Amino acid sequence: MSYTAIQVENLTKQYILRHQQVGSYTALRDVLVDKVKSYAKGKFTSQTKETFLALDDVSFSIQSGDRVGIIGRNGAGKSTLLKVLSRIVAPTKGRVTLDGRIASLLEVGTGFHPELSGRENIYLNGAILGMSRAEIDRKFDEIVAFAEVERFLDTPVKRYSSGMYVRLAFAVAAHLEPEILIVDEVLAVGDAAFQKKCLGRMKEVAGEGRTVIFVSHNMEAVQKLCNTGILLHKGKLVKEGTMDSVIKAYLEQNASAQSIFEIEKPADAAERAGYAERVIIRNADESVTAEVPVASPFMVDVEFIIQRELDHFIVGAGIMTMMELPFRTAWSLPERIKPGKYRIRFHFDDVHLAPGMYKLIIGLSNHESSFHFIDNFVYFDISEAVGAKLDERVVNLRSGLIFNQVKTELISL
Amino acid sequence: MTRPKTVIDATNGSTGYWKDLWAYRGLFYFLAWRDLLVRYKQTVIGVAWAVIRPLLTIVVFSFFKTFLGTGVSVENAVLGVAVATIPWQLFSSALNESSNSLIANANLITKVYFPRMIVPVSTIIVSIVDFLISMLIVAGLLIYFGHTPTWNILYLPAFLILTILAAIGSGLFLAALNVKYRDFRYVVPFIIQLGLFVSPIAFSSTDVYQDNVPAVFQRLYSLNPMVAVIDGFRWCILGTEFVADQIGLILSLGVTVVMLFVGVWYFRKTERGFADII
Numbered sequence: 001m002s003y004t005a006i007q008v009e010n011l012t013k014q015y016i017l018r019h020q021q022v023g024s025y026t027a028l029r030d031v032l033v034d035k036v037k038s039y040a041k042g043k044f045t046s047q048t049k050e051t052f053l054a055l056d057d058v059s060f061s062i063q064s065g066d067r068v069g070i071i072g073r074n075g076a077g078k079s080t081l082l083k084v085l086s087r088i089v090a091p092t093k094g095r096v097t098l099d100g101r102i103a104s105l106l107e108v109g110t111g112f113h114p115e116l117s118g119r120e121n122i123y124l125n126g127a128i129l130g131m132s133r134a135e136i137d138r139k140f141d142e143i144v145a146f147a148e149v150e151r152f153l154d155t156p157v158k159r160y161s162s163g164m165y166v167r168l169a170f171a172v173a174a175h176l177e178p179e180i181l182i183v184d185e186v187l188a189v190g191d192a193a194f195q196k197k198c199l200g201r202m203k204e205v206a207g208e209g210r211t212v213i214f215v216s217h218n219m220e221a222v223q224k225l226c227n228t229g230i231l232l233h234k235g236k237l238v239k240e241g242t243m244d245s246v247i248k249a250y251l252e253q254n255a256s257a258q259s260i261f262e263i264e265k266p267a268d269a270a271e272r273a274g275y276a277e278r279v280i281i282r283n284a285d286e287s288v289t290a291e292v293p294v295a296s297p298f299m300v301d302v303e304f305i306i307q308r309e310l311d312h313f314i315v316g317a318g319i320m321t322m323m324e325l326p327f328r329t330a331w332s333l334p335e336r337i338k339p340g341k342y343r344i345r346f347h348f349d350d351v352h353l354a355p356g357m358y359k360l361i362i363g364l365s366n367h368e369s370s371f372h373f374i375d376n377f378v379y380f381d382i383s384e385a386v387g388a389k390l391d392e393r394v395v396n397l398r399s400g401l402i403f404n405q406v407k408t409e410l411i412s413l
Numbered sequence: 414m415t416r417p418k419t420v421i422d423a424t425n426g427s428t429g430y431w432k433d434l435w436a437y438r439g440l441f442y443f444l445a446w447r448d449l450l451v452r453y454k455q456t457v458i459g460v461a462w463a464v465i466r467p468l469l470t471i472v473v474f475s476f477f478k479t480f481l482g483t484g485v486s487v488e489n490a491v492l493g494v495a496v497a498t499i500p501w502q503l504f505s506s507a508l509n510e511s512s513n514s515l516i517a518n519a520n521l522i523t524k525v526y527f528p529r530m531i532v533p534v535s536t537i538i539v540s541i542v543d544f545l546i547s548m549l550i551v552a553g554l555l556i557y558f559g560h561t562p563t564w565n566i567l568y569l570p571a572f573l574i575l576t577i578l579a580a581i582g583s584g585l586f587l588a589a590l591n592v593k594y595r596d597f598r599y600v601v602p603f604i605i606q607l608g609l610f611v612s613p614i615a616f617s618s619t620d621v622y623q624d625n626v627p628a629v630f631q632r633l634y635s636l637n638p639m640v641a642v643i644d645g646f647r648w649c650i651l652g653t654e655f656v657a658d659q660i661g662l663i664l665s666l667g668v669t670v671v672m673l674f675v676g677v678w679y680f681r682k683t684e685r686g687f688a689d690i691i
């Protein structure tokens, strides 16, 4: 007996970027002065306005009981979409039809006042989220039990630890009974136990036939909770479908950011023993990528040209953190090499890097002297996404593990 | 149970807005309750503030009046000022708080949906609570001076409602303006200062309706909505003659009604963009 819970048609949200030099807010004084100035100039020109489309002609529909994960890069329009669905912000064009009561959790503890006690804040927050007084009374004990703050109910919330605060805030929201629940990256706060509790509760809510819309960067959470997905990119809806297929599309999308680095031919290339032409980052399956999932093996290809015969040729590839901390350097075995075009491939199979951005330094050398050194040019990301296949044992590693052997293979092109 | 259907589009007007206001009526109470609770938890003199403020005003102004007004007895001065002060405090504090209320609650406006009109109006509710406490002071003064009010007092609720409507109209208007043009925050205290001198608190309307005052000024004077309110309060509680002629009264009432419509209209018109610019 499912019905269309949410129907979105051609939704567009446009913002106007006004470039103001003076002050951070609009003052009537400035607006009037501007108008006078432009009259004085003879024509009625307004200051240059740049428009920005946060959402661009988005259309989709969601059936009741669906758990929809909305994912995308930062700036894709996810939060804006949620704001429009929650009636906080009005669309510029298009139309949304919602069937059922809506409750939105865009922030934890909205309306919490630090001077008020836990008990008072439960009532306040509940009222703000749309619960009636009677409803709050009825669920009060459940809320307190979920938050595990019985002892501290009457102390001002400013005395709570951040964990307690977040538990209490979520506890109130968790007991909303809307037909449509909209949640925005709220699970980013809190410890692992709390996140598990939240996810569990949201799954319960969804199991009761309600529709859940969930925005998160945590691919694991999104995959566990959601059955359908929507991928947004720069305001446009790029993919819609099963959660797995949408996650895959998201990961592929990130791969199209720079993964092939064309090295500028040095001015004095003719005098050098050789030079590198390009560097390519690849996944273990040879597919090109700019973002390597955490704890996944990856490869670095360096394509280069040798112009003179060398007897002790080594290529070095160094991984450095963005703080210029040398993390790991791998060297190829010394080779006797004749002029020609080559590619060397470094297999980083056991290098476990924590998520973040890294720099790759490449050096071509003969004996101890390097004849081409590339720094500040090649970058790659280790992403939080665990990849389309989930491995329960994978954990965010904060420190890297270093192993000594890095396999290299040299082929001539 | 029927499921409510919501339609959001670029032109959304008032369909469902007034129904929503009713559905969210609990929030009026909760926001006002929050403000009162916080005020009393934070200050040592918390509760006393609602009493001290009008009391001080009354003392200062009646002192003023006995010096200026010739032949005005202390009793008349004090009572006259007291009765004028309480609706004035209601109006000025409501205006002050409501004009800044949207900015002060920006965190709510950007994260939760509810009809935004609830925010400024709930600050006016707080001012009404203060008003009721001040009424006790006036009652005390009446008893002290042994002054029994006439049956005119039955009309008091009407003048109270008039004050509240004036506060709502101007409060909504300024609150909405303040979101877009932040410098209105500085305009409001100035308006209130001006209002204090132009309203019959330290003086009475009889002083204005003398023959030596040009008719133009008299008409301009009666444009101030607080003139009708304060004269009304004095008439209800003290039985002083209601000085303004019919035109003056109509002007004063008219301004209040116009302000109410303009305020509500402007607020509703700009409400959709609040979360974008706040």
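Going down the list, the sequences are from chains V and U. In case it helps, our numbering puts the first sequence at residues 1 to 413. In case it helps, our numbering puts the second sequence at residues 414 to 691. Backbone N, C-alpha and C fix where the C-beta goes; we use that ideal spot for every residue, glycine too. Please read all numbers here as calculations on a predicted model, not as lab measurements.
DSSP state of residue i, grouped into three classes?
| i | result |
| --- | --- |
| T563 (chain U) | coil |
| F327 (chain V) | strand |
| G661 (chain U) | helix |
| N637 (chain U) | coil |
| E409 (chain V) | strand |
| R101 (chain V) | coil |
| T357 (chain V) | Sequence check: residue 357 (chain V) is Met here, not Thr. Strand, per DSSP. |
| L578 (chain U) | helix |
| G340 (chain V) | strand |
| G23 (chain V) | At G23 (chain V), the pLDDT of 48 sits below 50, so the modelled position is not reliable; the number obtained from the coordinates is stated separately. Coil, per DSSP. |
| F44 (chain V) | Note that F44 (chain V) has pLDDT 46, beneath the 50 cutoff, so the model's placement of it is unreliable and the number below is only indicative. Coil. |
| V473 (chain U) | helix |
| F687 (chain U) | helix |
| V8 (chain V) | strand |
| R416 (chain U) | coil |
Tell me whether the beta-carbon of residue i lies closer than 8 Å to the beta-carbon of residue j.
| i | j | result |
| --- | --- | --- |
| V215 (chain V) | E185 (chain V) | yes |
| F674 (chain U) | M530 (chain U) | no |
| S612 (chain U) | I650 (chain U) | no |
| A497 (chain U) | I574 (chain U) | no |
| P114 (chain V) | T12 (chain V) | no |
| V302 (chain V) | A276 (chain V) | yes |
| T228 (chain V) | D66 (chain V) | yes |
Would you say residue i lies against chain V (beta-carbon separation less than 8 Å)?
| i | result |
| --- | --- |
| V671 (chain U) | no |
| T470 (chain U) | no |
| Y679 (chain U) | no |
| L585 (chain U) | no |
| P638 (chain U) | no |
| K524 (chain U) | yes |
| L508 (chain U) | no |
| V420 (chain U) | yes |
| G439 (chain U) | yes |
| K432 (chain U) | no |
| N520 (chain U) | yes |
| R466 (chain U) | no |
Beta-carbon of residue i versus every beta-carbon of chain U: anything under 8 Å?
| i | result |
| --- | --- |
| V22 (chain V) | Low local confidence applies: a pLDDT of 48 at V22 (chain V) is under 50, so the model's placement there is unreliable, with the coordinate-based value given in what follows. Output row for V22 (chain V): interface = no. |
| A127 (chain V) | yes |
| H113 (chain V) | yes |
| A27 (chain V) | yes |
| T155 (chain V) | no |
| G94 (chain V) | yes |
| S256 (chain V) | Summary for S256 (chain V): the model assigns pLDDT 48, below 50, so the residue's position carries little reliability, and this model does not support an answer. |
| D99 (chain V) | yes |
| S104 (chain V) | yes |
| K83 (chain V) | yes |
| Y250 (chain V) | no |
Say whether chain A places a C-beta atom closer than 8 Å to the C-beta of residue i.
| i | result |
| --- | --- |
| P417 (chain U) | Included in the structure are the protein chains V and U, with no chain A among them. |
Three-pair Cβ contact test at 8 Å for the stretch 534-548 of chain U versus the stretch 580-590 of chain U
yes
contact_flag[the stretch 228-239 of chain V, the stretch 61-75 of chain V] where n(CB pairs < 8 Å) is 3 or more:
yes
Run through the stretch 256-307 of chain V for me and flag every whole beta strand (DSSP E) of 3 or more residues, listed as ranges in chain order.
260-262, 274-283, 291-293, 298-306
So, does the stretch 281-289 of chain V touch the stretch 321-338 of chain V, judging by three or more C-beta pairs under 8 Å?
no
Hey, is the stretch 372-383 of chain V in contact with the stretch 345-357 of chain V, meaning 3+ C-beta pairs nearer than 8 Å?
yes
I'd like to know if the stretch 200-212 of chain V and the stretch 166-180 of chain V are in contact, where contact means that at least 3 CB-CB pairs between them fall below 8 Å.
yes
Ordered list of alpha helix (DSSP H) runs contained in the stretch 584-622 of chain U, each at least 4 residues:
597-611, 618-621
Continuous alpha helix (DSSP H) assignments of at least 4 residues falling wholly in the stretch 54-111 of chain V:
78-85
Should the stretch 599-610 of chain U be called in touch with the stretch 515-532 of chain U, which here means at least 3 C-beta pairs below 8 Å?
no
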